[in-house]
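Visitor:
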């Protein structure tokens, strides 16, 4: 994380999320970053600094995401597990007076398929299956029609991937 507190160099700089899921800041001490969005973490740091500083302006940018492990099977050129890296500078969050702004980018279904060399000529891109493990332990399957996404201007946006997702591109059937 790249943390900036306007006018306070002692709080400004790179912060690495430690294995225990925390970052450490001067005087404040440990702040839990695990399972928090950049917006939530920025708001928490701002709230904790407000007891020490006058109207702190906190900006946080995710400078590097850890790689996501995704498994791609079926009718793709190179099936198997792949690691997808989020873009550097993947997200920025700023708080001033309670408002939050955020930008970011993480790997999508189309970038994952592209990274394994694309689909084979036998692929049925109308019925791509995304399997995702929910925090409750339940597996959810979502069928994606990538042909419609390519063909239509009003299609749904590219689906964002999460660590542990599995994509299955089925073989087209004669119908």
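In the working numbering, the protein residues as written are 348 to 522.
Glycine residues also receive a C-beta, built at the ideal position from the N, C-alpha and C atoms.
Report yes if the CB atom of residue 458 is closer than 8 Å to the CB atom of residue 474, and no otherwise.
Guide: In the chain shown, counting from the first residue as 1, residue 458 sits at position 111. In the chain shown, counting from the first residue as 1, residue 474 sits at position 127. For the pair residue 458 and residue 474, the CB atoms are not nearer than the 8 Å cut-off.
Visitor: Can we say the segment 415-424 touches the segment 377-393, given the rule of at least three CB pairs closer than 8 Å?
Guide: no
Visitor: Can you tell me which residues form a DSSP beta bridge with residue 430?
Guide: Position 83 of the chain shown holds residue 430. 416, per the DSSP bridge assignment.
Visitor: Run through DSSP, which three-state label would residue 474 get?
Guide: On the chain shown, residue 474 is found 127 positions in, with the first residue counted as 1. Reduced to three states, the DSSP call for residue 474 is coil.
Visitor: So within the segment 383-418, which uninterrupted alpha helix (DSSP H) runs reach at least 4 residues, ignoring any that extend past its ends?
Guide: 385-397
Visitor: Contact check, residue 379 vs residue 424 under 8 Å by CB: the rounded distance?
Guide: The residue given as residue 379 occupies position 32 in the chain shown. The residue given as residue 424 occupies position 77 in the chain shown. Their Cβ separation, rounded to whole angstroms, is 41 Å, which puts residue 379 and residue 424 out of contact at 8 Å.
Visitor: Can you name, in chain order, every residue of its own chain whose Cβ lies under 7 Å from the Cβ of residue 497, other than the five neighbours on each side?
Guide: On the chain shown, position 150 is the one that residue 497 refers to. None.
Visitor: Can you tell me which of 383, 507 and 485 puts its alpha carbon nearest to the alpha carbon of residue 460?
Guide: On the chain shown, residue 460 is found 113 positions in, with the first residue counted as 1. Looking at the Cα atoms, 507 is the closest of the given residues.
Visitor: In the DSSP assignment, find the unbroken beta strand (DSSP E) run with residue 370 in it and report its ends.
Guide: Here the question's residue 370 lines up with position 23 in the chain shown. Here the beta strand (DSSP E) through residue 370 covers 369-372.
Visitor: For residue 560 and residue 513, which I take to be in contact (beta-carbon distance under 8 Å), what is that distance rounded to the nearest angstrom?
Guide: With the chain covering only 348 through 522, there is no way to say anything about residue 560.
Visitor: As a quick exercise: from 382, 403, 427 and 357, pick the residue whose alpha carbon is nearest that of residue 369.
Guide: Taking the chain shown and counting its residues from 1, the one referred to as residue 369 is at position 22. Comparing Cα-Cα distances from residue 369 to each of 382, 403, 427 and 357, the minimum goes to 382.
Visitor: Excluding the 5 residues flanking residue 519 on each side, which residues of the same chain have their C-beta closer than 6 Å to its C-beta?
Guide: Position 172 of the chain shown, counted from the first residue, corresponds to residue 519. Once the five neighbours on either side are set aside, the close Cβ partners of residue 519 are 469 and 471.
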